[in-house]
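Novice:
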Amino acid sequence: MKQFLTSCLITLVTYFPAYGEWVNVQGSSFFGPETAQSTACLRAEAKAKRTALEQTTGERLLADDLMICNESSEQSNCTLNRLTWSLADGEIRSIKNRTSSLSEIAEGVRKCTVHLQADIATERGFHDASFDLGVTLNQSMFRPGEELTLSLAPSQPMYIQVFQWLPYEEDQPVLRIFPNRFEKDAHFKGAGTIPRSTHKESYALALAPPAHIQSTQRHWDEYLMIIATRQPLSLRSQYSLTELRTKLLEIPRSDSRIIKKGYTILGGSL
């Protein structure tokens, strides 16, 4: 009989230290009366951090895979979540001298600007182009109860773990959904799926509303991080976002590949 892992309730390598440099950056966010000033300034801070990483590493952090926010009353939270998750594997170790300022742009429109200095780790090495992973989801929008399936296309054998960030749950946990108690083998020698076809009768990754979601909310966003490594990597089943970011800083880029995905769950009256 198939058992369900309810997504919102889912109940090795050699490391080296990362060195860094301080960079001065700023980020801005426009907002209207429907958005809290604190949310707008957090969004501006996330943009500043993103700029710091892009300037230092030369990599663009926001891929199309994370462009899941729509024009709606929930867009502000979704945008902030998306920015936060885009930085989840970034090399920012700390910030200092953070200041924020507000300015009136037009009637009902203000702008929050955040200046800060970011400590960027710069000694993680470079990605190995031959160690790559393609990941696609079976859908980008789900109804509660529908099943999530990941299709994997590794360029060579690798060990894969999948974590899920639940920004609307209390404490915003990051939970490992693969490997799990039904499927313990993290090694993929070639293309495959999660769940594997040999395990689809055993369990499913069924999506469910967050425990604290409002019944009137029309949709909410959740995020996945797929971590691929050359060798087995021992990771906990649950982290805070800060803890996971710190752990990922220990993994050399040449021995890993990290893919981030976002999806939307529909709820309420559309």
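Once you know that position 83 of the sequence shown is 92 in the numbering used here, the rest is easy, because the numbers rise by one and skip nothing. Backbone N, C-alpha and C fix where the C-beta goes; we use that ideal spot for every residue, glycine too.
In terms of alpha-carbon separation, which member of P188, Q173 and E63 lies closest to Q181?
Specialist: Measuring from the Cα of Q181, the nearest candidate turns out to be Q173.
Novice: Take L159 as the anchor and find which of S38, W31, Y272 and V32 has the nearest alpha-carbon.
Specialist: That would be Y272, whose Cα lies nearest to the Cα of L159.
Novice: Which class does S265 belong to by DSSP, given the choice of helix, strand or coil?
Specialist: S265: strand per DSSP, three-state reduction.
Novice: Just to confirm my understanding: we take S110, look at its own chain, exclude 5 residues before and 5 after, and list those with CB closer than 7 Å. What are they?
Specialist: Excluding residues within five positions, the ones whose Cβ falls inside 7 Å are T122.
Novice: For A49 and S263, what's the separation of their Cα atoms in angstroms?
Specialist: Cα-Cα distance, rounded: 36 Å.
Novice: On the CB-based measure, 16 or more other CB atoms within 10 Å of its CB, does A127 come out buried or exposed?
Specialist: Buried, because 16 or more other Cβ atoms sit within 10 Å of the Cβ of A127.
Novice: Taking DSSP's pairing of strands, which residues face D128 in a bridge?
Specialist: Per DSSP, W31 and S103.
Novice: Could you tell me which residues DSSP pairs with P163 in its beta bridges?
Specialist: In the DSSP output, where bridge partners are listed per residue, P163 has L142.
Novice: Grab the span of the alpha helix (DSSP H) containing R254 for me, first residue to last.
Specialist: Looking at the DSSP string, the run of the alpha helix (DSSP H) that includes R254 is L250 to L257.
Novice: Looking at L216 and P204, is the spacing between their C-beta atoms short of 8 Å?
Specialist: No, these two residues do not count as a Cβ contact at 8 Å.
Novice: Among L142, Y212 and T255, whose alpha-carbon lies nearest the alpha-carbon of G165?
Specialist: The question names Gly, yet the displayed sequence has Gln at residue 165. Selected option, being the one with the closest Cα: L142.
Novice: Which same chain residues end up closer than 6 Å to A57 when comparing Cβ atoms and leaving out the 5 residues on each side of it in sequence?
Specialist: V34, Q35, G36, V123 and L125, listed in sequence order.
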